[in-house]
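Structure record follows, encoded as structure tokens.
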Amino acid sequence: MGDFDLEGIGMTSQRTRDRLVNRLREQGIVREDVLAQIGSVPRHIFVDEALAHRAYEDTALPIGHGQTISQPFVVALMTELLLEVAPSSVLEIGTGCGYQTAVLARLCERVYTVERVAALEPRARERLAAMRLRNVVCRVGDGYEGWSQYAPFDAIIVTAAPPAVPPRLLEQLAPGGRLIVPVGGGDVQELKVIDHTEDGFEEHVHERVRFVPLKTGVTPE
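According to the numbering used here, the residues represented by the sequence shown are 27 to 247, in order.
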């Protein structure tokens, strides 16, 4: 297990984290449990050391392999939308560095997370272990396929943008469940919230967001 400074100092201190929480509250995040996790999950350990001083800025940052750690506001927003259905089991597509995973794991009973870039998965696993999060199951795989072994899921969250909603993810969503996914090509996508109701799937567009594309298959790097 890596030796990580979970507390942080200076630009990674609790005071700096609290400023981020206050900013998100001003931007409309209302759930105190979500804000508490944004304030307590050590985002600085999920980015390269050279970027640690920027970890509590409300911005996406590069994590290598053409991927990013999501903007804290977007993490908080998607988590808030997901928690509205009070999920026990959550599938995350796009582990990345593991930051969104860590926030979810503090708020949900069980998190299953899939990453297509094999080089990222052990790094995320190491950081989640450092936080002693034992309710997370990770694997390398194609996010378009979901994780049928553990389906159905109460909620599914996708942290990269497919051009259209992947059908396999809808198949793995439990009745009463919710899928949150940014959809579209180009630099800006629509954040879609899809609920599995008695009458089928009910879709709403929440707002415009920016995510890296969700690619098919698995890659070592």
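Think of the CB as a built atom: it goes at the ideal place given N, C-alpha and C, for glycine as much as any other residue.
*Can you pull the DSSP bridge partners for Q93?*
As a position in the sequence shown, residue 93 is number 67, starting the count at 1. Beta-bridge pairing links Q93 to G90.
*With a threshold of 16 other CB atoms inside 10 Å of the CB of A76, please say whether the residue is buried or exposed.*
In the sequence shown, residue 76 corresponds to position 50, counting from 1. It is exposed - the Cβ of A76 has fewer than 16 other Cβ atoms within 10 Å.
*Where do the N-terminal and C-terminal ends of the alpha helix (DSSP H) with A62 fall, by residue?*
Counting from one through the sequence shown, the residue named residue 62 turns up at place 36. Here the alpha helix (DSSP H) through A62 covers E58 to S66.
*Take R194 as the anchor and find which of P178, G202 and E83 has the nearest alpha-carbon.*
Locating residue 194 in the sequence shown gives position 168, where the first residue counts as 1. With distances taken between Cα atoms, R194 lies closest to P178.
*Specify, as a first and last residue, the run of the beta strand (DSSP E) that E216 falls within.*
On the sequence shown, position 190 is the one that residue 216 refers to. That run of the beta strand (DSSP E) goes Q215 to T223.
*In angstroms with no decimal places, state the Cα-to-Cα distance between M27 and V214.*
By 1-based counting over the sequence shown, the position of residue 27 is 1. By 1-based counting over the sequence shown, the position of residue 214 is 188. For M27, the predicted model reports a pLDDT of 43, less than 50, meaning its position is unreliable and no value from the coordinates is stated.
*asked:* Three Cβ pairs or more, each shorter than 8 Å: is that satisfied between the segment 103 to 116 and the segment 155 to 172?
replied: no
*May I ask you to list the residues that DSSP assigns as paired with R236?*
For the purposes of this step, residue 236 is taken as the residue at position 210 of the sequence shown. Paired residues: none, contrary to the question.
_So for A78, helix, strand or coil by DSSP?_
For this step, residue 78 is matched to residue 52 along the sequence shown. A78 carries a helical assignment under DSSP once its states are collapsed to helix, strand and coil.
*Specify whether the segment 153 to 166 and the segment 179 to 188 touch according to this definition: at least 3 beta carbon pairs, one from each stretch, less than 8 Å apart.*
no
*Whole angstroms is fine: what's the gap from E135's alpha carbon to V129's?*
Locating residue 135 in the sequence shown gives position 109, counting from the first residue. Locating residue 129 in the sequence shown gives position 103, counting from the first residue. Within the model, the alpha-carbon separation for E135 versus V129 is close to 12 Å.
_Suppose the cutoff is 6 Å on Cβ atoms and the five residues either side in sequence are ignored; what does the same chain contact list for P201 look like?_
For the purposes of this step, residue 201 is identified with residue 175 of the sequence shown, where counting begins at 1. Here the set comprises H222.
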